[in-house]
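Participant: If you're matching positions, the sequence shown starts at 591 in this note's numbering and goes up one per residue.
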Amino acid sequence: MTTQPVGRPRSTEDFAVPAWHVLDETADVRFLPSGLPLALRWRGCLWQVIGEPVSWSSSSSWWEPASTPLGGRGSMLTTKFWRFQAQTGPASPVLEFDMSADPRWEDWRLRRVAGVDGF
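This is how it looks when you write it as structure tokens:
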């Protein structure tokens, strides 16, 4: 019988850390009347949101060139973000999605996906 050392330091290999896949794709997101995301159509599949989605926003300055005689004016842009888990059915893998909407774009953008290798 072999024994394992007690109190050995844990390495990152001991934890399942999802690999994020960075993307920049348009995505069709459906929302509930409350404003929470309900589903995402991505790469031909309908992903239904499960669990509690998390939202946040980020504001930054944006320069609008040639809008004034002095050559431009600045304005604030607020980008909205959602992070949620979703799956295509009860037995499908669960993926975690990061979405963003910038006022300069017409669509939501899929920024990152994590959960399954080789999706």
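Beta carbons are placed, not taken as given, at the ideal position from N, Cα and C, and that holds for glycine.
1) Taking the C-alpha atoms as reference points, what is the distance between Arg633 and Thr668?
2) When DSSP labels each residue in this structure, what does Leu667 get in the three-state scheme?
3) For Trp698, which of helix, strand or coil comes out of DSSP?
4) Per DSSP, which one or two residues make a beta bridge with Leu628?
5) Take every Cβ of the region 631–651, pair it with every Cβ of the region 675–684, and state whether three or more of those distances are shorter than 8 Å.
6) Which of the three DSSP states is assigned to Val619 in this structure?
7) Tell me which same chain residues have a C-beta within less than 6 Å of the C-beta of Glu615, skipping the five on either side of it?
8) So the candidates are Ser624, Val612, Gly625 and Gly705; which of them puts its Cα closest to the Cα of Val684?
9) May I have the straight-line CA-CA distance separating Thr602 from Trp610, to the nearest angstrom?
10) Pick helix, strand or coil for Ala704, following the three-state DSSP scheme.
11) From Leu630 to Ser682, what distance separates their C-alpha atoms?
Facilitator: Reading off the structure:
1) 27 Å
2) strand
3) strand
4) Bridge partners of Leu628: none, in fact.
5) yes
6) strand
7) Leu700
8) Gly705
9) With a pLDDT of only 41 at Thr602, under the threshold of 50, the placement of this residue in the model should not be trusted; the figure read from the coordinates follows. Cα to Cα, the separation comes out at about 16 Å.
10) strand
11) 15 Å
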